[in-house]
Every structure is written in structure tokens, then in C-alpha cells.
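Sequences listed follow chains A and B, in order. Numbered by UniProt numbering, the letters in the first sequence go through residues 1 to 207 in order. Numbered by UniProt numbering, the letters in the second sequence go through residues 1 to 207 in order.
2 protein chains.
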Amino acid sequence: MNMPESTRARTRNEKAILEAAEQVFARHGYRGASVQAIAEAAGLPKSNVLYYVGSKRRLYVALLERMMERWNAMLDDIRVEDDPAEVIEAFIRSKMQLTQTHPQGSRLFAAEILGGAPFLQEYLHGELRDWVEERARVFRQWAERGQMDPIDPVWLIFLIWSATQHYADFEAQVVAITDREALDDSDYQDITDFLCQVILKGCGIRR
Amino acid sequence: MNMPESTRARTRNEKAILEAAEQVFARHGYRGASVQAIAEAAGLPKSNVLYYVGSKRRLYVALLERMMERWNAMLDDIRVEDDPAEVIEAFIRSKMQLTQTHPQGSRLFAAEILGGAPFLQEYLHGELRDWVEERARVFRQWAERGQMDPIDPVWLIFLIWSATQHYADFEAQVVAITDREALDDSDYQDITDFLCQVILKGCGIRR
DNA sequence: TTACTTTCTGACCAAATGGTCAACTATGGA
DNA sequence: TCCATAGTTGACCATTTGGTCAGAAAGTAA
């Protein structure tokens, strides 16, 4: 990796800006975040941040897109012939891993939805909805075959999303109530195992 | 109710302000909300809003306190002799009702936690933590008696909180994916039944 | 009516907002 | 070396921010 100094600085700064911005946007939402605060968190002058990202709006959109990419990378295929237990467990585990590895991104996403998802309407109504319906179809077939209870698949997907997302979005609450400084790997292991157990059993899926 | 005009106007305006503020704070968080926007939503001049509430900060705190009162009103007592199925089902149902009747308040609360809960540290570490531990103790005894599976009670409480809260906080997502304009009473009935069924069964609670 | 209190509001303020720009300093290839 | 390009930044701008205040308006009680 023998890069010219200029591009090295560029990538370094861009990374610092994205990281800082994700933090600030997650904490305060789009309106509540200030370019000044982001610049300070990145250790750069405000003008320099704007030189790199163009505008606050574009920075925000770029972060949302990065998060959607991570999300999409998680969403693998599914077939009726697959084993329900395996698929749903893998689903819970990968969603939980996303939460654990990108809590800031999770919170950024949450803040966007909380605010009425003004930038994500298209994505939610398009790609994501299709993905949910595709899964739902398979879940219903599993239920018909008696491989799981006849529950509404969409509510099940929301249950998994909410239960996992919670540990990023409500981290402050979780940490306060469990009297920890932060959740560590073994906590996340425990929680993931707990969720797999309760949800699979709750849906009548044998494993 | 024959009130003098002055007090009638006062109560009317205060109500309008609280409602408008809950909406704006929920949508944009503390920093992102502007007194101007709240005033417009309440149909009053900004100066008038500040005349009533003193400051943005005090308005925000008053709203959080109102939400905590609603929350506390929901949290009833629990004893080891009670029936687990009944208690947990009632718990899920009352939490869901809070979500349904006060979605703005739910979102306000969520935004506060997302931002690191700067105004709620005390409450989370005090009252709420005590309440959770009290419940957890009883859950553990139920598990020992074989009335439910030996799961971590705190994760269970978080599961119920997250799964219910989700339908207020992520309403924009739910609405987009299910292609509705809004969730109605029968939707909430279905979801509540679904959650009771899956969670009770998932915890090995017979009913 | 009069006297007094409460409600209301436009004008105003210092500070912060997102964004522009001209001037400056690297950097890297010729 | 020289030059063009890229990176950097403080000064600056119009607008918005939360909040104050003087005084107008309206209600209340005698």
C-alpha cells in the first residue's frame, strides 16, 4: 500500500468525517446535528469538512446509503426447502451482529425513521418491502407444511428487527438498568442465544 | 364547568403547546426541535409559547415527566403467587396500549434515549432499575418452580419493551412495509395477540 | 367607570446555523 | 526547477436560534 500522501490524507479525513458524522447524526438527528459539531468530533475545521462532503444534506444521505448497504449485505436468500430453524436463527444472529458492529449506524437509521423517514420513503416502500414480502411468502408455506405455527410472518419479522435493534438504539437504557459500562461480546452472545431460543420456540419451530 | 375566560384560555393554550411540542420533539429530538416550529404547530406566536413554558428546556422536561407518569401508571405490582401467564400477558397488553394511545410520547422517549438519555439518567438508574430488578426476582422464582423456562428475566423485559415500542417508534417503517396509511385498532389487536402467543410460548409458560 | 392583574405580542438581541469564497499551502508529475 | 492541481482555512454572509422586554390588549373585581 504505497499511496501518495494526498490520497492518503483524503481517505483518512473522509473516514474521520464519516465516523464523526454518524455519531453526531445518531445522537441528535438530522436537524439537531450541526456541521460544527461534526467537524469538532472529526478534529477538522468546519470549512474542511464542507470541502469534502459538499453539504450537510449530502453527508447525511451518504451515511444512510452506507447503512443500507450494510443492511442489504446481511439479507441473504431464502427458499421453501430450507430448514426454518436454521434460516430464522441465522436471520436473528446476523441482525444482532449488525447491531453490535454498527451501533451508531443503527441509531442513525432509528433517528431517521423516528423523524418520519423523510429520506428513506423510497427504500422502505420499494426494496425493503419486496424483501419482507418474499420472506413472508416462504414463512406462510412453512406454516402450511406444519414446520412452524401459523403466525403472521410480517409481525414476526418486526419482532426480530425490534428485539435486536433495541440493543443499539436503547443502549443508554440497557446500560443504565443492567448497571454496566457497556455490553461486551459475552453479553451479546447471551442475548442472541436468548432471542433464538424464545423466538424459535415461540413460533413452534423445532430444532 | 363555568370557568373564567382567562383560565379557560390558559388550559386550552397549555394543552395545545404540550401537544405540539410532543410532536416536534418526537420528530426532531431536543436540539432539532425549534421553539418557532412548536409555536407554529400550536398556532401561537413564539413569544406566547415562551410566556407559558418559560424555556425550551423546561417544556422538554415537563413532557418527559408527563411520559414517565404515564409509564409509571402502567407498572403494577407483581407477586410470586400470581399466575405467570396472566401477569406477563397483562404486561404485554398494557405496554402495547401505552404505545397505541401515546405514540408521540413513545417517540419522544425514544429520541431521548437515542441521544444518550441526558435528562433521564437519574430515572433510569433509580426507579426504573429497581422496578426491573423486582420483576426479575419474581421471574426467577417462577423459573425455579418450573412455571416458566429458566431464561434471563431482564432480557425478557427488554424483549417485551422493544417489541411493543417498535410500533410507535418505527411507525413510518411499519406503515411503509405493510402498505397501510396507519395501523388501526384491529391491527393493534392482532399484533398484541401475536406477541402474547409467541412470547408466552417462547418462555415455556402454559396458559 | 376605575384600578389592577394577567395575557399577549412585535421588536429586538447575541449566538449559532449552513454555506461561500478568496487566499494560502502542500503535493506530485514534467 | 516549475506549474497545475488538490487540500486547507479564516473571514464572511444571510438566516435562524432561544430568549428578553416594553408595552398593548383583555379580562376581573370594586
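For every residue, glycine included, the Cβ atom is placed at its ideal position computed from N, Cα and C.
- Each residue's CA atom was taken as its position, placing residue 189(A) and residue 127(A) some 30 Å apart.
- In the three-state reduction of the DSSP assignment, residue 105(A) falls in the helix class.
- In this structure, DSSP gives residue 196(A) a helical state, which the three-state scheme calls helix.
- Looking at the backbone, the Cα of residue 101(A) and that of residue 157(A) are separated by about 21 Å.
- Contact annotation: in the segment 192–205 of chain A, residues whose CB is within less than 9 Å of a CB in chain B are 194, 195, 197, 198, 199, 200, 201, 202, 203 and 204.
- Residue 33(B) and residue 23(B) have their C-alpha atoms roughly 10 Å apart.
- Chain-order list of chain B residues neighbouring residue 99(A): empty, with the shortest C-beta distance near 11 Å, by a criterion of under 8 Å.
- Taking a cut-off of 8 Å on C-beta distances, the segment 157–176 of chain A touches the segment 87–101 of chain A, as three or more cross pairs fall below it.
- Excluding its 5 nearest sequence neighbours in each direction, residue 30(A) has C-beta neighbours in its own chain below 6 Å: 60, listed in chain order.
- Within the model, the alpha-carbon separation for residue 117(B) versus residue 62(B) is close to 15 Å.
- When CB distances to chain B are screened at a threshold of 9 Å, the residues of the segment 165–178 of chain A falling below it are 165, 166, 167, 169, 170, 171, 172, 173, 174, 175, 176, 177 and 178, in chain order.
- Ranked by how close their Cα comes to the Cα of residue 139(A), the residues 203(A), 107(A), 46(A) and 195(A) have 203(A) in first place.
- Interface annotation, residue 102(A): not in contact with chain B, CB-CB separation never under 7 Å.
- At a cut-off of 7 Å between beta-carbon atoms, residue 124(B) makes contact with chain A.
- In this structure, the CA atom of residue 86(B) is about 56 Å from the CA atom of residue 12(A).
- Within the segment 128–159 of chain A, 128, 129, 132, 151, 152, 154, 155, 158 and 159 place their CB atoms closer than 7 Å to a CB of chain B, listed in sequence order.
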